[in-house]
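Remarks on the structure that follows.
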Amino acid sequence: MATTKKAIAEAEQAAEIKEATAAPATEPEAPAVTLDELEGMDMNMFDVEETESAPRPVWRITDDGCADWACQKIAEEKAELDRITSLADSQIEKIQQRVEAAQRRYENGTRFLTGKLAEYFETVPHKTTKTKHSYRLLSGTLVKKIGGRTMKQDDDALLAYLKASDNEDMIQTTEKPKWGEFKKRLEIVGGQIVDKTTGELVEGVQIIEKPDTFTVDV
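Per the UniProt record's numbering, the sequence shown starts with residue 1, numbered consecutively.
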């Protein structure tokens, strides 16, 4: 009985090893497309997102003629994008001009009417608080804020004064690595970053893997 159980366990283990080491099933190769098929292709299908219920045709390019057709299509689509972008830019410019004209009209008109309301404000009794005077109307409230004094620093001049007057405890210093300079001393060795000058492993720097990129220049 023990021998039978051992045999079953060994058989199951062998099956698991076989399954784990089996080569993954390869998907069938997409069919080669012809130039006639490409020229009859509806490019509008790329306007909608591909879904499981509406997948795009599966095919592959296998010759220079089809590859050149694809490059031409990319160039045509780029030209169409440039045309639409140029048209949009011209319309945006016109709209922006109208917005700027309306803004000028609003600012000039507001400035003029605000001045007239300020003159009127001085002729009527108004409510006063510690920070403002106000006068309410049906369509708005006239407000005159009470001014005061504040301070604004000139960093360069103030920094020079603080140094000269022995007030360096009032100077804020910011520590930051000289990355551009220190980077020249580093190199990637295996999966680690090493300081070439000392041979030490460097902390605080990550290795960023940059994937290969593929582009079509047209």
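Each residue gets a CB set at the ideal place from its N, CA and C atoms; glycine is no exception.
What you are looking at is a predicted structure, and each value in this text was computed from that prediction instead of being measured.
Consult DSSP for residue i and reduce its assignment to one of helix, strand or coil.
i: Val194; result: strand
i: Ser134; result: strand
i: Thr110; result: helix
i: Ala30; result: coil
i: Thr128; result: strand
i: Arg60; result: strand
Could you round the C-beta distance between residue i and residue j to whole angstroms and report it? I think they count as a contact, below 8 Å.
i: residue 243; j: Ile193; result: The question about residue 243 has no answer, for the chain in this structure spans 1 to 218.
i: Leu159; j: Ile171; result: 7 Å
Give the range of the alpha helix (DSSP H) segment to which residue i is assigned.
i: Glu175; result: Glu175 -> no alpha helix (DSSP H), and no H or E assigned at all.
i: Leu159; result: 155-164
i: Leu38; result: 35-39
So, are the CB atoms of residue i and residue j less than 8 Å apart?
i: Val218; j: Ala30; result: no
i: Glu203; j: Lys196; result: no
i: Ala102; j: Thr62; result: no
i: Val124; j: Ser134; result: no
i: Arg56; j: Glu49; result: no
i: Leu87; j: Cys66; result: no
i: Lys73; j: Met43; result: yes
Tell me the rounded alpha-carbon separation between residue i and residue j.
i: Thr215; j: Cys71; result: 11 Å
i: Pro28; j: Lys78; result: 33 Å
i: Pro177; j: Gly40; result: 59 Å
i: Lys184; j: Gly191; result: 18 Å
i: Trp179; j: Glu168; result: 27 Å
i: Gly140; j: Thr114; result: 12 Å
i: Lys163; j: Thr173; result: 13 Å
i: Thr131; j: Ala157; result: 32 Å
i: Asp47; j: Lys210; result: 30 Å
i: Glu107; j: Glu181; result: 50 Å
i: Phe112; j: Thr150; result: 29 Å
i: Gln91; j: Thr128; result: 50 Å
i: Asp89; j: Asp82; result: 10 Å
i: Gly199; j: Val205; result: 15 Å
Can you tell me where the beta strand (DSSP E) holding residue i begins and where it ends?
i: Leu142; result: 141-145
i: Leu186; result: 186-189
When every heavy atom of the ligand FMN is checked, does at least one fall within less than 7 Å of the C-beta of residue i?
i: Arg105; result: Inclusion of the ligand FMN in the displayed structure is not the case, the ligand content being empty and no account of it being possible.
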